[in-house]
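2 protein chains.
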Amino acid sequence: MQDDAFASMLGEWIEGIMHHSMRRFLRYARANGLSMSHLGALFHTHRFGSCGVTEIGEHLGVSSAAASQMLERLVKQDLVLRSEDPDDRRAKRIVLTKKGQRILEEALRARQSWLNDVTQTLSDSEKKTVSAALKILIARVNQLTEPAD
Amino acid sequence: MQDDAFASMLGEWIEGIMHHSMRRFLRYARANGLSMSHLGALFHTHRFGSCGVTEIGEHLGVSSAAASQMLERLVKQDLVLRSEDPDDRRAKRIVLTKKGQRILEEALRARQSWLNDVTQTLSDSEKKTVSAALKILIARVNQLTEPAD
DNA sequence: CTAAATAGCTAAGCGCGCTGAAGTATAAAG
DNA sequence: CTTTATACTTCAGCGCGCTTAGCTATTTAG
Numbered sequence: 010m011q012d013d014a015f016a017s018m019l020g021e022w023i024e025g026i027m028h029h030s031m032r033r034f035l036r037y038a039r040a041n042g043l044s045m046s047h048l049g050a051l052f053h054t055h056r057f058g059s060c061g062v063t064e065i066g067e068h069l070g071v072s073s074a075a076a077s078q079m080l081e082r083l084v085k086q087d088l089v090l091r092s093e094d095p096d097d098r099r100a101k102r103i104v105l106t107k108k109g110q111r112i113l114e115e116a117l118r119a120r121q122s123w124l125n126d127v128t129q130t131l132s133d134s135e136k137k138t139v140s141a142a143l144k145i146l147i148a149r150v151n152q153l154t155e156p157a158d
Numbered sequence: 010m011q012d013d014a015f016a017s018m019l020g021e022w023i024e025g026i027m028h029h030s031m032r033r034f035l036r037y038a039r040a041n042g043l044s045m046s047h048l049g050a051l052f053h054t055h056r057f058g059s060c061g062v063t064e065i066g067e068h069l070g071v072s073s074a075a076a077s078q079m080l081e082r083l084v085k086q087d088l089v090l091r092s093e094d095p096d097d098r099r100a101k102r103i104v105l106t107k108k109g110q111r112i113l114e115e116a117l118r119a120r121q122s123w124l125n126d127v128t129q130t131l132s133d134s135e136k137k138t139v140s141a142a143l144k145i146l147i148a149r150v151n152q153l154t155e156p157a158d
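Quick mapping for you: the protein sequence lines, in order, are chains L and A.
Numbering of the first sequence is given in my numbering, commencing with residue 10 and proceeding in unit increments.
Numbering of the second sequence is given in my numbering, commencing with residue 10 and proceeding in unit increments.
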């Protein structure tokens, strides 16, 4: 198998994923009045458990003022909780509320729902092949370090 | 292999793809002053070769007024060409300019660049495994019909 | 104790993206 | 030919997301 043929297969697969997943993901977000940035903030908060305002801003590539304003809206929507950090009273700890967690999980489900349809059409041997490949890929992705922002 | 184990592997893989691809994709878009909607419009135009204003709006889930205004900006940026449809002079034909094509291709490359790093770490036998899986998945995805908007 | 650095909030201002309403031009239906 | 439908544009108006500048409170360094 030639390398560029391999690359183009990967490309086609990514294309398909993006097309279907992003569509459903964005549709879900919109229906709940959430922007891409909102979801990004919720994701980051979910990933790191508890984080600061500036940190979220850096993650999204915006100023801390922008992050503060956006979080204010998320707080009002009861998606995140903003409390004082007892160890450093200048800082705030942002965590997901129950509602925030629920919304995030639903967004993930929306993103992945179309894959369930795909999965159901696979035979057992096909699933074996695919899962062998996934094991390899996931291991590689996990050891990737994202370049600095 | 249990079905839910399989699903969770797919989920983890999607998670990785989204995390890495979207990050680079959005960063590229931002650097070029393009929003998600802009890219969506460019993608759609690329996919269908030539399309109408309302059609693009429907694809993005916005009114035709919104589409018209957004396309106006894309025209000014020389990313798309807007010309009268000779077969129906009410309608406009939107096509990508050279510059629009270039930008789109670069966005795709940005989206996929991290995968090249992954690919390079794969042995030949691993590539075989992965490409066998991709063949299966791509075939399934291609015969998916997206539910109506 | 004082000075500098840090975390966050607030305010003013700008452009974008969206909507609904109104308008123009063309096409299709009667 | 007249009416209705379609494709698009324009305009006014609204809220969002962003930036910069300036502010408070707290921590850290000297």
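A virtual CB, placed ideally from N, CA and C, is assigned to each residue, including glycine.
Worksheet item: DSSP on residue 159 of chain A, reduced to helix/strand/coil?
Response: Since the displayed chain A opens at 10 and closes at 158, residue 159 of chain A lies outside it and no answer follows.
Item to complete: Since I believe residue 88 of chain L is in contact with residue 35 of chain L (beta carbons under 8 Å), could you give me their beta-carbon distance rounded to a whole number of angstroms?
Response: Contact flag wrong, Cβ pair sits at about 17 Å.
Worksheet item: With 8 Å set as the bound, which would you pick, yes or no: does the beta-carbon of residue 92 of chain A sit closer than that to a beta-carbon of chain L?
Response: no
Fill in: Per-residue DSSP class, three states only, for residue 36 of chain A
helix
Worksheet item: Relative to the C-alpha of residue 38 of chain L, which residue among L:27, L:95, L:116, L:55 is closest?
Response: L:116
Worksheet item: Can you name, in chain order, every residue of its own chain whose Cβ lies under 7 Å from the Cβ of residue 46 of chain A, other than the five neighbours on each side?
Response: 69, 79
Item to complete: Using only alpha-carbon positions, find the residue among A:148, A:83, A:140, A:125 that is nearest to residue 131 of chain L.
Response: A:148
Worksheet item: So, is the C-beta of residue 26 of chain L closer than 8 Å to a C-beta in chain A?
Response: yes
Discussion item. If I follow the unbroken beta strand (DSSP E) through residue 4 of chain A, where does it start and stop?
Written reply: Within the shown structure, residues of chain A are numbered from 10 to 158, placing residue 4 of chain A beyond reach of any answer.
Worksheet entry | Classification of residue 121 of chain A by the beta-carbon crowding that lies within 10 angstroms, buried from 16 upward | buried
Worksheet item: Grouping DSSP H, G and I as helix and E and B as strand, with all else coil, what is residue 92 of chain A?
Response: strand
Discussion item. Our contact map puts residue 145 of chain L next to residue 128 of chain A with C-beta atoms below 8 Å; I'd like the distance itself, whole angstroms only.
Written reply: Not confirmed; about 11 Å, so no contact.
Practice prompt. Kindly give me the distance between the Cβ atoms of residue 143 of chain A and residue 18 of chain L, rounded to whole angstroms, as I take these residues to be in contact under 8 Å.
Written response: 5 Å
Worksheet item: Quick one: is residue 110 of chain L near chain A, going by C-beta distance under 8 Å?
Response: no
Discussion item. For residue 108 of chain L and residue 25 of chain A, what's the separation of their Cα atoms in angstroms?
Written reply: 24 Å
Worksheet item: If residue 119 of chain A sits next to residue 33 of chain A, beta carbons under 8 Å apart, how far is it from one beta carbon to the other, in whole angstroms?
Response: 5 Å
Worksheet item: Which residues in the same chain as residue 58 of chain A place their Cβ atom closer than 8 Å to its Cβ, once the five residues preceding and following it in sequence are excluded?
Response: 104
Worksheet item: Does the Cβ of residue 102 of chain A have 16 or more other Cβ atoms within 10 Å, making it buried, or fewer, making it exposed?
Response: buried
Fill in: Spatially closest choice to residue 16 of chain L from A:28, A:123, A:94, by CA coordinates
A:123
Worksheet item: Taking just the CA atoms, how far does residue 29 of chain A sit from residue 158 of chain L?
Response: With a pLDDT of 48 at residue 158 of chain L, under the threshold of 50, the predicted position of this residue should be treated as unreliable, and no value is reported.
Fill in: Sequence-distant residues of its chain with Cβ nearer than 8 Å to residue 94 of chain L (five each side left out)
61, 100, 101, 102
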